[in-house]
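Engineer:
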Amino acid sequence: MARNKHPEKTIKQILSISYRLFLEKGYEQTTIQDIINELGMSKGAIYHHFKSKEEILHAISDKGNYLNTIELYKNYNHLNALQKLKKIICNEFDNLEKKQFNKSAISLTENPKFVSTLLNGTMKYGVPIFQNLIEEGRKDGSISVEDSKSASEVILLLNNVWLSPMIGQVSEEDLERKILYLKKLTELMGIPFMDEEVVNAINSYLKSIFK
Numbered sequence: 046m047a048r049n050k051h052p053e054k055t056i057k058q059i060l061s062i063s064y065r066l067f068l069e070k071g072y073e074q075t076t077i078q079d080i081i082n083e084l085g086m087s088k089g090a091i092y093h094h095f096k097s098k099e100e101i102l103h104a105i106s107d108k109g110n111y112l113n114t115i116e117l118y119k120n121y122n123h124l125n126a127l128q129k130l131k132k133i134i135c136n137e138f139d140n141l142e143k144k145q146f147n148k149s150a151i152s153l154t155e156n157p158k159f160v161s162t163l164l165n166g167t168m169k170y171g172v173p174i175f176q177n178l179i180e181e182g183r184k185d186g187s188i189s190v191e192d193s194k195s196a197s198e199v200i201l202l203l204n205n206v207w208l209s210p211m212i213g214q215v216s217e218e219d220l221e222r223k224i225l226y227l228k229k230l231t232e233l234m235g236i237p238f239m240d241e242e243v244v245n246a247i248n249s250y251l252k253s254i255f256k
């Protein structure tokens with residue numbers, strides 16, 4: 046077999062096509078053969094990078110959820126850090142593809158490896174993005190928190206685990222309680238990003254996942 050000179054490009058193609066198929070057909074209904082057919086690659090070429098469909102999903106969940114955030118960050122240079130944070134969060138929670146993907150993956154959240162992947166993605170990719178925004182906010186005066194890294198870790202873990210429908214379903218009443226508590230907590234921390242627009246976006250996202 047000829048050596049692949051551009052493995053990163055191949056991996057990106059596999060993840061992109063797989064992501065689209067998971068959205069269109071659902072994760073459970075998508076087979077490795079479906080992915081192979083769409084890519085036009087050999088089975089060996091795919092298995093060289095990923096041992097299973099589950100491993101592909103883990104790769105998407107690990108890094109993919111934060112790629113859009115990085116791109117959005119570049120579009121808001123005219124705003125202060127707190128305003129950027131609000132815009133990015135609203136865009137993320139309004140993202141239709143993210144809603145569909147997370148909804149299709151709920152059936153896998155009892156898998157410890159999958160949950161571990163979500164947590165790893167949060168800590169590895171999400172925290173540095175959030176921390177950079179907080180540091181920027183400390184400089185421009187829009188954010189007053191002292192420990193930017195700890196604040197980033199706490200907020201993202203609460204958001205991605207405690208509040209997430211990917212981990213456990215709760216009633217609408219519980220959702221509202223949690224969202225309001227997170228709002229109060231972030232205000233006390235000196236990162237008051239959860240205004241009415243952000244709260245509505247989070248509410249809408251969570252309720253759409255539970256339907």
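In terms of our numbering, the numbers along the sequence shown are unbroken and rise by one, the last being 256. Beta carbons are placed, not taken as given, at the ideal position from N, Cα and C, and that holds for glycine. As the structure is a prediction and not an experimental result, all values here were calculated from the model.
1) Considering only residues of the same chain and omitting the five flanking positions on each side of residue 53, which have a CB-CB separation below 6 Å?
2) Let me make sure I understand the geometry here. Which of 203, 202, 182 has the alpha-carbon closest to that of residue 292?
3) Please report the distance separating the alpha-carbon of residue 185 from that of residue 247.
4) I need the DSSP call for residue 103, collapsed to helix, strand or coil.
5) Locate the alpha helix (DSSP H) running through residue 129, then write down its first and last residues.
6) Under the three-state reduction of DSSP, which class applies to residue 70: helix, strand or coil?
7) Quick one: using the 10 Å Cβ neighbour count with 16 as the cut-off for buried, is residue 89 buried or exposed?
8) What residue from 218, 191, 102 has the CA that sits closest to residue 162's CA?
9) Please tell me whether residue 188 and residue 224 are closer than 8 Å, where the distance is taken between their beta carbons.
10) For residue 95, name the three-state secondary structure that DSSP assigns.
11) What are the boundary residues of the alpha helix (DSSP H) that residue 204 is part of?
12) Does the stretch 196 to 205 come close enough to the stretch 171 to 182 to have 3 or more Cβ pairs within less than 8 Å?
13) Are there 16 or more other CB atoms within 10 angstroms of the CB of residue 97, so buried, or fewer, so exposed?
14) Given a cut-off of 8 Å, decide if residue 131 and residue 260 are closer than it, judged by their beta-carbon atoms.
15) Comparing alpha-carbon positions, which option in 207, 127, 220 lies nearest residue 178?
16) State buried or exposed for residue 92, treating a residue as buried only when at least 16 other CB atoms are found within 10 Å of its CB.
Structural biologist: Concretely, from the data shown:
1) Position 8 of the sequence shown, counted from the start, is the residue given in the question as residue 53. Cβ within range, chain order: n/a, list empty.
2) Because the chain in this structure spans residues 46 to 256, residue 292 falls outside the shown range and cannot be described.
3) For the purposes of this step, residue 185 is taken as the residue at position 140 of the sequence shown. For the purposes of this step, residue 247 is taken as the residue at position 202 of the sequence shown. Each residue's alpha carbon lies about 26 Å from the other.
4) Here residue 103 refers to the residue found at position 58 of the sequence shown. Helix, per DSSP.
5) Counting from 1 along the sequence shown, the entry for residue 129 is found at position 84. From DSSP, the alpha helix (DSSP H) with residue 129 extends over 126 to 138.
6) Counting from one through the sequence shown, the residue named residue 70 turns up at place 25. Helix at residue 70.
7) Working through the sequence shown from its first residue, we reach residue 89 at position 44. By the 10 Å Cβ count, residue 89 comes out exposed.
8) Counting from 1 along the sequence shown, the entry for residue 162 is found at position 117. Among 218, 191, 102, the Cα nearest to that of residue 162 is on 102.
9) Position 143 of the sequence shown, counted from the start, is the residue given in the question as residue 188. Position 179 of the sequence shown, counted from the start, is the residue given in the question as residue 224. No. Outside cutoff.
10) Here the question's residue 95 lines up with position 50 in the sequence shown. In this structure, residue 95 counts as coil in the three-state DSSP scheme.
11) Within the sequence shown, numbered from 1, the residue matching residue 204 stands at position 159. Taken as a continuous stretch (DSSP letters only), residue 204 belongs to no alpha helix (DSSP H), as it is neither H nor E.
12) yes
13) Here residue 97 refers to the residue found at position 52 when the sequence shown is read from its first residue. Its Cβ having fewer than 16 others within 10 Å, residue 97 is exposed.
14) The structure shown does not extend to residue 260, since the chain is modelled only from 46 to 256, so the question has no answer here.
15) To locate residue 178, count along the sequence shown from 1; it is residue 133. Minimum Cα distance to residue 178 is reached at 127.
16) Indexing the sequence shown from 1 puts residue 92 at position 47. With fewer than 16 Cβ atoms within 10 Å of its Cβ, residue 92 is classed as exposed.
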